[in-house]
Amino acid sequence: MNYLYFPGCSLKGTGRAYEDSILSVFKGLQLPLEELDDWNCCGATSYMAISEMKAFALSARNLALAEKQAHSRENFGLVTPCAACYLVLVKTQKYLQEFPDIGDKIKTALKSANLEYGGKVRVRHPLDVLANDFGTEKLASFVKKPLKGLKVACYYGCQIVRPYAEFDDQHNPTTMNRIMHALGARTIDWALKTRCCGGSLTGTIQEVGMRLSYILLREASRLGADVVATACPLCQFNLECYQKQMSREFEDAISIPVVYFSQLVGFAMGLPAKELGMQRLFVPFKFNPAAESVKGGIHVHS
Amino acid sequence: MSDINKSDNGNFEPRIVAFFCNWCTYTAADLAGTARMTYAPNARVVRVMCSGRLDPQFILMALREGADGVLIGGCHPGDCHYQEGNYKTLRRFTLLKRLLLDMGIEDKRVRMEWIAASEGDRVQRVMNEMTEQLKKLGPLHLEPVSIDTIHKKVEESVAQAEGVKI
Amino acid sequence: MSTPENKTNGTPRIGVYVCHCGINIAAKVNVAECVEFARSLPYVTVAREYKFICSDPGQELIQQDIRDGKIDRVVVASCSPLMHEATFRKATLAGGQNPFFFQMANIREHVSWVTFDKEMATLKAKALIAGAVMRVARHKPLEKTRVPVNPDVLIVGGGIAGIHAALTIADSGKKVYLVEKEPTIGGHMAKFDKTFPTLDCAACILTPKMSAVRSHPNIILWSYSEVSQVDGYVGNFKVKVRRKPRYVDEELCVGCYECIEKCIFKKAKFEDEFNIGLSQRKPIYIPFPQATPLVALIDPETCTEFRTGKCKKTCVDACERKAIDFQQKEEIKEIDVGAIILATGFKIFDATRIPRYGYGKYPNVFTSLEIERLVNASGPTGGEVRLKDGGKPNSVGIIHCVGSRDINTNRYCSRLCCMASLKLAHLIKERTGAEVYNFYIDIRAAGKGYEEFYDKLLKEGVHFIRGRVAEVSDWTMTADEEGKLVIRAEDTLIGVVRRIPVDMVVLAVGLEPSADADNIRRMFNISCSYEGWFLERHPKLAPVSTFTDGISLAGACQGPKDIPDSVAQAGAAAAEALALIDKGFVELEPNTAFVQDEFCSGCCTCVALCPYSAISFSADNNRASVNGALCKGCGTCVAACPSGALQQNLFTDEQIFEEIRGVMNYV
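If you're matching them up, the sequences are chains A, B and C in order.
Counting in our numbering, the first sequence runs from 11 upward without gaps.
Counting in our numbering, the second sequence runs from 825 upward without gaps.
Counting in our numbering, the third sequence runs from 83 upward without gaps.
In structure tokens, the structure reads:
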């Protein structure tokens, strides 16, 4: 499998830590990752809500560029860590196939930019790549500092598995849990792993958005999680940045680190904290295996 | 038959002969009626007990008599009221399609569909789709061919084939 | 266009009758224009229109024209032949003509009801009329053959519907084979404690019927058996029934439980199917105390003797009557019956398909069927409503429409869950005193006494929240939710989203076609609706018959039904079977194939094609011949005959060719 890499805007901005950790982890696992040349906005954000066709056109340009850059490589994936980018690219792919009238319009749009798209790109989420291509057993063999005793709340958010369940169950995804187990960590069993984080409402109608984030953090804390692991830059931002405000608003002291799952992977692989963007976290993640006593049993891949 | 229907202007209304089996597709067409599902009026249904009764001659005859397309409707595989008549139809149909191509008739003009007794909506969809498709294909023109023309074509083919190693 | 010439009856004189069907046809098809058109067709001597030709005066028109010698063949352009072909054949006969000098043009279901444009509708109607006229000109007189009807009846499925049908038929003196796939009859009803809306005890009304089946001299009950093959046709079905081995001799066993007590497994440890896994049974067991027949059976999957061959076989020693037989083999019974009633029931919706309701994830989420067992006095808890840890629930939420009225699962309403939920709400409140919340979309209480029952519950203080439940989960917002299951639903009557913490959740699961419905329908050659329910011949006028003559439907195999409806339909199915048997004979459609000897080359192509082995080849005269009694009239052989020697009555090549010419050449 060959991988191209579509970062999207978040991973170059607020989600720098996500990009840092993804690139370091892939490098550490000797999985070559080649950034897509001349990529543009994925089409998520407000495009999709206002003009679907524009969103598809933007998205299709990225797919067409990926196909071109992949040349004749038969088996390649476009690795897309941001959940919003991932969803839009997958959606575009499906719509181009299923609705010929949309397909025709997009074809014309691409043509005006001297591009064409043959439908060959496979859009992949790094969770999918690590768990299913690379394999959790192989991943476990790269672990230098097992996360023994760490209780992780795996939070998938909405976009990775809904509406398209490309690689996991829509209501009860387990890929991230499997990865965490491979790192030696424990995961909490909670009902909110795909519940809304508040999305962009946190920026617009804060009392609604923030409350949704608070529900997640409160439940993770209640069940004894040490850290929340995310796979989406917006989820990470919403859950991490407003904790002080939440504590005031809901009169409930909330303080729990919220990291990218890839940061935990890199951490367990023993990669330097700086290469994983750990210094960018607002609520610092601390883990000292020696100080932790391992309680209870949970299966750990070795 | 007058050729008014056959003019190539935009108002071409194709004529379809539909052979429906009594148990599944004919019943489904009845159901479409009971449910008032409006669809293109271009097909005229001939009922047979089983699609297995369809002699390829019937299809050829329908085309010769002026049909622009022929639709065959039978039970889903495994559901035939007579156990396996529809499989027999499928085999004949596959051969017939080849024959039609050899005769210069687009094979899309003859369509076979499995439609169960409960699938009234499918009758509607297939009727509409087929009518649209035939509108795109245009009228079927079957030119009478004289024996001289055939001889000439054979000679042409022989001439073309000369020098080709087999 | 060649002019067809009638070979049997002089030049045909055809009467065409175009029906208005009230406005059903006349609103779209210009009937007068069709009549005018019909007059222009070859051989047509009379063409008329009438409001309702199927009415007595309408039929009289046809008969009079025949009697007057104006016509000798009839075309009626009206509805589907599946609706009224028989009616008009009879009218033709009553007029004094062979009933097969008749052809129908379907200008209602195939034209007026499905066409938008009036002109196009009229055009299409004309084409179909022309087809029918050209075809009927080639019809030949035919005779229906009469075949005697075997007076025995097969009933498949021993739930309340099958039981009721069996008793009705057996009481009239006819012999019934009742085949049930489970080890006992009783079906779903045997699992219930009370029945709505009267709250009479299900066992009290069902078990007498079950034992009546067992002791009835006219009923042969084969439990733990399945139909494996069906051949033949109405009046003369040949059926094979596979009797699965129980490893206990049914004749010898008296159901004393001694073998079960002495089984080497001191404790019951295997999932009890009858209690849906809420309790355990031993490898040798009797499903429940009122099982019929009351005969033990051994489950080879869990029995040590079957698994290892090294069991002490204490059960064998315990049985004084020596009923246990580890060597028992599967048995195939072959029976001949005249009529068949299918009463194969339903299965409940698999609640794990809606993961957000937490079934299978949270122990205290139950299906309504499980609660039926819990409230049942002879159930696993002796009628106590208990949580999985044995505690008593203080609050219970009942979620309606689980798997029903939902585009993601089944769109149909399962009809009985509202009332079953109300019944369970009442029983749970009565047994535990818990607060009970019903989450519903609409309360559908349309039966006799049903609305009154709903009213009674409102007064009893059962809570009703109108709104589809979003999720059942264990995440909490407040301290009083701690340790509870939280039901989140929009209360559409007050317009807010509510979170209701409860100890127990009951999912009122919908009904689905039974798992083997597809196999059954193929075996019996009947159709299914889109959802998989057995398809009735007509939704209103023949809701009990199927498209296969001699096979009728009873109970929920045809669609969700409660007990009164199932019993009513079972009675109707029994009446259909009895009517057929009492008549004593059936007339077979004479659409069989036949060989024209002078054309047969003896190639035998047809012989292998016939699924019914109705064609035989005689080496003596080098000809094939068709056995009319075996031929079912599909015509597959006719289409395959290379020399055109095979023909099918009512569907000869000539008739079909003429119909094609007819529909194409006149408009």
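Every residue, glycine too, gets a C-beta built ideally from N, C-alpha and C.
Closer than 8 Å to chain C by CB, residue i
i, result
"B:G928", "no"
"A:W324", "No answer is possible for residue 324 of chain A: it lies beyond the span of chain A, which begins at 11 and ends at 312."
"B:G893", "no"
"A:N182", "yes"
"A:E229", "yes"
"B:M861", "yes"
"A:R221", "no"
"B:M885", "yes"
"A:L211", "no"
"A:R232", "yes"
"A:A201", "yes"
"B:K912", "yes"
Cα-Cα separation between residue i and residue j, rounded to whole angstroms
i, j, result
"C:S496", "C:L593", "6 Å"
"C:A187", "B:A891", "19 Å"
"C:G614", "C:P595", "6 Å"
"A:K64", "A:G53", "7 Å"
"C:D647", "C:S627", "16 Å"
"C:L456", "B:V870", "58 Å"
"C:D562", "A:A175", "35 Å"
"C:C686", "C:T384", "53 Å"
"B:L961", "B:A983", "32 Å"
"C:F319", "A:A201", "56 Å"
"C:L666", "C:E355", "Here residue 666 of chain C turns out to be Gly, not Leu, going by the sequence shown. Taking the straight line from one Cα to the other gives about 43 Å."
"C:E167", "B:G909", "24 Å"
"C:I608", "C:F629", "6 Å"
"B:S831", "B:V894", "At B:S831, the pLDDT of 44 sits below 50, so the modelled position is not reliable; the number obtained from the coordinates is stated separately. Answer to the nearest angstrom: the Cα atoms are 19 Å apart."
"C:G473", "A:C164", "32 Å"
"C:V316", "C:R217", "29 Å"
Opening and closing residue of the beta strand (DSSP E) in which residue i lies
i, result
"C:N318", "N318 to R325"
"B:C845", "I840 to C845"
"C:D313", "S307 to Y315"
Nearest neighbour of residue i, chosen from the options [CA to CA]
i, options, result
"A:A27", "A:T184, A:E217, A:S56 and A:T240", "A:T240"
"C:G314", "C:L670, C:T734 and C:N747", "C:L670"
"A:A278", "A:Y96, A:K155 and A:F16", "A:K155"
"C:G427", "C:L539, C:I267 and C:L691", "C:I267"
"C:L567", "C:A638, C:K443 and C:A590", "C:K443"
"C:D644", "C:K256, C:A624, C:I525 and C:M271", "C:M271"
"C:K714", "C:N673, C:Q651 and C:F733", "C:N673"
"C:A590", "C:L504, C:P475, C:P327 and C:P265", "C:L504"
"C:S683", "C:N703, C:D664 and C:Y519", "C:N703"
"C:T434", "C:R171, C:T574, C:C500 and C:F448", "C:F448"
"C:I301", "C:E618, C:G255 and C:R493", "C:G255"
"C:G531", "C:C335, C:F278, C:I105 and C:V484", "C:F278"
Minimum Cβ-Cβ distance from residue i to chain B less than 8 Å
i, result
"C:I738", "yes"
"C:V98", "no"
"C:E167", "no"
"C:K206", "yes"
"C:T734", "no"
Short CB-CB distance (under 8 Å) between residue i and chain A
i, result
"C:R581", "no"
"C:T434", "no"
Segment limits, alpha helix (DSSP H) that includes residue i
i, result
"A:Y57", "T55 to I60"
"C:L506", "C499 to T514"
"B:G944", "G944 to L961"
"A:Q40", "Careful: A:Q40 lies outside any alpha helix (DSSP H) and carries neither H nor E."
Practice item. Taking only runs that begin and end inside the region 520-569 of chain C, name each unbroken alpha helix (DSSP H) of 4 or more residues, in chain order. Key: Those alpha helix (DSSP H) runs which fall completely within the region 520-569 of chain C and span 4+ residues are 532-542.
Practice item. Jot down the residue ranges of each uninterrupted beta strand (DSSP E) in the region 67-152 of chain A, minimum 3 residues, whole runs only, in chain order. Key: Listed in chain order, they are 86-89 and 132-134.
Review point. Which runs of the alpha helix (DSSP H), 4 residues or longer, sit entirely within the region 332-377 of chain C?
Key: Counting only runs that start and end inside the region 332-377 of chain C, the alpha helix (DSSP H) elements of at least 4 residues fall at 340-344.
Exercise for review: Pick out the complete beta strand (DSSP E) segments inside the region 117-152 of chain C, 3 residues or longer, and give them in chain order.
Suggested key: Correct list: 126-132.
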